[in-house]
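Asks: Residues -24 to -1, 1 to 138 in mature numbering (1 follows the signal peptide of the UniProt record, and there is no 0) are what the sequence shown spells out, letter by letter.
Ideal Cβ placement from N, Cα and C applies to all residues, glycine included.
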Amino acid sequence: MRLPILLAGSVLGTGLLTVPPASADPPITCGKNLAAYQIVTAAEHLAPYPGTDWQWSTDPRRTQGNFNPCVALSTALVTVEGATASSPVAALMFHNGEYLGTATSKAYGFTTLNSVRTTDDTVVLDYKTPGACNACPPAAVTSVRYQWQGDHVVMLDSPPPT
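1. Going by CA-CA distance only, name the one from Pro64, Ile4 and Pro113 that's closest to leucine 53.
2. So what does DSSP say about valine 99, is it helix, strand or coil?
3. With DSSP collapsed to three states, give me the class of alanine 66.
4. With distances taken from CA atoms, which of Val100, Glu57 and Lys104 is nearest proline 113?
5. Excluding the 5 residues preceding and the 5 following asparagine 42 in the sequence, name in chain order all residues of the same chain whose CB lies nearer than 7 Å to its CB.
6. As a quick exercise: from Ser62, Asp96 and Pro36, pick the residue whose alpha carbon is nearest that of valine 47.
7. Please state the DSSP three-state secondary structure of valine 47.
8. Can you tell me which of Asp133, Thr98, Thr138 and Pro106 puts its alpha carbon nearest to the alpha carbon of tryptophan 124?
9. Whole angstroms is fine: what's the gap from glycine 107's alpha carbon to asparagine 44's?
10. Looking only at C-alpha atoms, which of Gly73, Glu74 and Met69 sits nearest to serine 81?
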């Protein structure tokens, strides 16, 4: 049980002031929030990109996705610090704001959220196969659906080619 903290009144004896206790976690606010502490915490705990010392960015200005702590499944797409257009992207998956893990074991470049096909329980990611250059149209796009089913996430489509 938490008790309010009582502060002594001033020397003039104006009385006591009740101050509510500090909360361990910020209050939950529903809606898209790519600056949420859950995203930062998850990204900070990811191992560096394999074969490098590249850390994952926690800068919300570089994060994409639809993270919402009030929906069954949402994602935050984070890239490495100092990223370019072709840098790897890790898709962090969340259930009601709780971090579940990454969508795939490998981070792919050119990964985006398909917001038109994404719902409150299904995240659709588009993995683009680069064309002749980074600025060229993609050679192919592989859409992969991830769906929350009761107590776990199911990948409904084949993963992108490696």
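Replies: On the basis of the supplied data:
1. Counted from its first residue, the sequence shown places residue 53 at position 77. Looking at the Cα atoms, Pro64 is the closest of the given residues.
2. By one-based count along the sequence shown, residue 99 stands at place 123. In the structure shown, valine 99 sits in a strand (DSSP, three-state: E or B).
3. As a first step, residue 66 is located in the sequence shown; it is residue number 90 there, counting from the start. Residue state, collapsed to three classes: strand.
4. Start at 1 with the first residue of the sequence shown, and residue 113 comes out as number 137. For proline 113, the nearest C-alpha among the options comes from Lys104.
5. Here residue 42 is taken as the residue at index 66 of the sequence shown, counted from 1. Result list for asparagine 42: Lys8, Ser50, Thr51, Leu89, Ser91 and Thr94, in chain order.
6. Residue numbering aside, residue 47 sits at position 71 when the sequence shown is read from its first letter. Out of Ser62, Asp96 and Pro36, Asp96 has the C-alpha closest to the C-alpha of valine 47.
7. Locating residue 47 in the sequence shown gives position 71, where the first residue counts as 1. Reduced to three states, the DSSP call for valine 47 is coil.
8. As a first step, residue 124 must be located in the sequence shown, where it is residue number 148. The residue with the shortest Cα to Cα distance from tryptophan 124 is Thr98.
9. Locating residue 107 in the sequence shown gives position 131, where the first residue counts as 1. Locating residue 44 in the sequence shown gives position 68, where the first residue counts as 1. In a straight line, the C-alpha of glycine 107 is about 33 Å away from that of asparagine 44.
10. For the purposes of this step, residue 81 is taken as the residue at position 105 of the sequence shown. The shortest Cα separation from serine 81 among Gly73, Glu74 and Met69 belongs to Met69.
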